[in-house]
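Asker: Pasting a structure below so you can have a look.
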Amino acid sequence: MTVLHVPAFVPPTADEVLPCTRQPDLFFAPDDAAESTLQRTTRVAQARRLCDACPDRRRHQCRTWALRHQEWGIWGGHTEREHGSRAR
Numbered sequence: 001m002t003v004l005h006v007p008a009f010v011p012p013t014a015d016e017v018l019p020c021t022r023q024p025d026l027f028f029a030p031d032d033a034a035e036s037t038l039q040r041t042t043r044v045a046q047a048r049r050l051c052d053a054c055p056d057r058r059r060h061q062c063r064t065w066a067l068r069h070q071e072w073g074i075w076g077g078h079t080e081r082e083h084g085s086r087a088r
């Protein structure tokens, strides 16, 4: 079971429910890592669609957080591999 770590910068307001909190397991690879290429591609695409539903400022905050804290998973619509290439 994946526990979603929601950074402190993301305090949702009473009328704002962040899309990533609805299906947090989409944003991280399964613990057993027994995910096929097709399963990963599908999971990442679904997570990105949820990120796209988030306000732009939140996506930017997520990407910044992931880069600063070297987070794994999908943050702000980008994978850790994409975050790594941007940090270089």
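The numbers in full-length UniProt numbering rise by one with no breaks, and the one at position 65 of the sequence shown is 65. Note that beta-carbon positions come from the ideal geometry of N, C-alpha and C, so glycine has one too.
What does the Cβ neighbour count give for Gly76, buried or exposed, with the cut at 16 atoms within 10 Å?
Answerer: Here residue 76 refers to the residue found at position 76 of the sequence shown. Gly76 comes out buried.
Asker: Kindly indicate the opening and closing residues of the alpha helix (DSSP H) around Arg63.
Answerer: Residue 63 sits at position 63 when you count from the first residue of the sequence shown. Here the alpha helix (DSSP H) through Arg63 covers 56-69.
Asker: With DSSP as the reference, identify every bridge partner of His83, one or two as the case may be.
Answerer: In the sequence shown, the residue the question calls residue 83 occupies position 83. Answer is none; His83 lacks a bridge partner.
Asker: Spatial neighbours of Arg48 within its chain, please: CB distance less than 6 Å, with the 5 preceding and 5 following residues excluded, ordered by chain position.
Answerer: What you label residue 48 is simply residue 48 of the sequence shown in a count that begins at 1. If we look at Arg48 and ignore the five residues flanking it on each side, its Cβ neighbours are Gly77.
Asker: Taking the alpha carbon of Asp31 as the point to measure from, which residue in Thr21, Arg63, Trp72, Arg81 has its own alpha carbon closest?
Answerer: Locating residue 31 in the sequence shown gives position 31, where the first residue counts as 1. That would be Trp72, whose Cα lies nearest to the Cα of Asp31.
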